[in-house]
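1 is the number of the first residue of the sequence shown in full-length UniProt numbering; add one for each residue after it.
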Amino acid sequence: MPITVKVDVYCFGILLLELICCRKSYKQDVANETEMILVEWACDWYRRKELHLLAGDDEEAIEDIERFEKLLMVAIWCIQENPALRPSMKKVMLTLEGLIMNDEFQVVAIIEKLPHMWKDFKNYLKHKCKEMIVEDLIVRLRIEQDNKVAERRSKGNSTINGAYIVEDDQNNSKKRKKV
């Protein structure tokens, strides 16, 4: 099989399937021969709607079976036999981001993208991010932006006409020097 983008998508689908089912793609030590190949085993249980059997002992997956099913559907979408039916990695990524991104993750991602000049505010936000949802962060960012604009305006309106330094020369006379 030649290496193509669609082969990469297939490999990603297998990897995702291994991760969500907590097992390798090929397993020899099984009682039933149909359980040896992960793809066949997973697709079979998916068709039967017995998702809890795919989740195994993963309590988080069992508690959020809807998310588990969506992840499983993405994996199956990626491993279709006909390469033309497989999605692009961009579609896979966008689908997974929609499934996985929770508020805390989004808040942290936004904070990390703030410019360097916001360093102090960024450090403050990092300590508060677990308590925030995206809407709270947006409000705080708008307030900080307004504060920075007001600060720039006040600096722009105050002009310094110059300062003088008083120096003593060798004759103990005072000289004023403008800087």
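Each residue gets a CB set at the ideal place from its N, CA and C atoms; glycine is no exception.
Can you tell which of the options has its C-alpha closest to the C-alpha of residue i?
{"i": "arginine 23", "options": "Leu53, Arg48 and Glu66", "result": "Leu53"}
{"i": "lysine 49", "options": "Asp57, Lys70, Met36 and Glu59", "result": "Lys70"}
{"i": "aspartate 44", "options": "Glu66, Leu15, Ile76 and Gln145", "result": "Ile76"}
{"i": "glutamine 80", "options": "Lys113, Gly13, Lys148 and Val149", "result": "Gly13"}
{"i": "isoleucine 37", "options": "Met73, Gly56, Leu17 and Ala55", "result": "Leu17"}
{"i": "isoleucine 143", "options": "Val7, Gln106, Ile65 and Trp118", "result": "Trp118"}
{"i": "lysine 130", "options": "Ile65, Gln106, Lys148 and Ala150", "result": "Gln106"}
{"i": "histidine 127", "options": "Ile111, Lys91 and Asp29", "result": "Ile111"}
Do you know how far the Cα of residue j is from the Cα of residue i?
{"i": "leucine 19", "j": "lysine 155", "result": "55 Å"}
{"i": "cysteine 78", "j": "tyrosine 10", "result": "5 Å"}
{"i": "proline 83", "j": "tyrosine 46", "result": "21 Å"}
{"i": "leucine 125", "j": "arginine 152", "result": "22 Å"}
{"i": "valine 108", "j": "lysine 27", "result": "38 Å"}
{"i": "asparagine 161", "j": "histidine 116", "result": "Below a pLDDT of 50, predicted positions are generally treated as unreliable, and asparagine 161, at 47, falls in that range; no measurement from the model is reported."}
{"i": "glutamate 97", "j": "arginine 67", "result": "12 Å"}
{"i": "phenylalanine 121", "j": "leucine 94", "result": "30 Å"}
{"i": "tryptophan 41", "j": "aspartate 146", "result": "57 Å"}
{"i": "glutamate 35", "j": "serine 25", "result": "10 Å"}
{"i": "asparagine 32", "j": "leucine 72", "result": "22 Å"}
{"i": "glutamate 63", "j": "aspartate 57", "result": "11 Å"}
{"i": "lysine 148", "j": "serine 88", "result": "42 Å"}
Quick one: what does DSSP say residue i is sitting in, helix, strand or coil?
{"i": "isoleucine 138", "result": "helix"}
{"i": "isoleucine 133", "result": "coil"}
{"i": "isoleucine 37", "result": "strand"}
{"i": "lysine 113", "result": "coil"}
{"i": "valine 166", "result": "At valine 166, the pLDDT of 45 sits below 50, so the modelled position is not reliable; the number obtained from the coordinates is stated separately. The answer is strand: DSSP assigns valine 166 an E or B state."}
{"i": "cysteine 21", "result": "helix"}
{"i": "isoleucine 14", "result": "helix"}
For this session: Quick one: which unbroken alpha helix (DSSP H) runs of 4-plus residues sit fully inside the region 24-90? Chain order, please.
Result: 38-47, 51-55, 59-63 and 65-78
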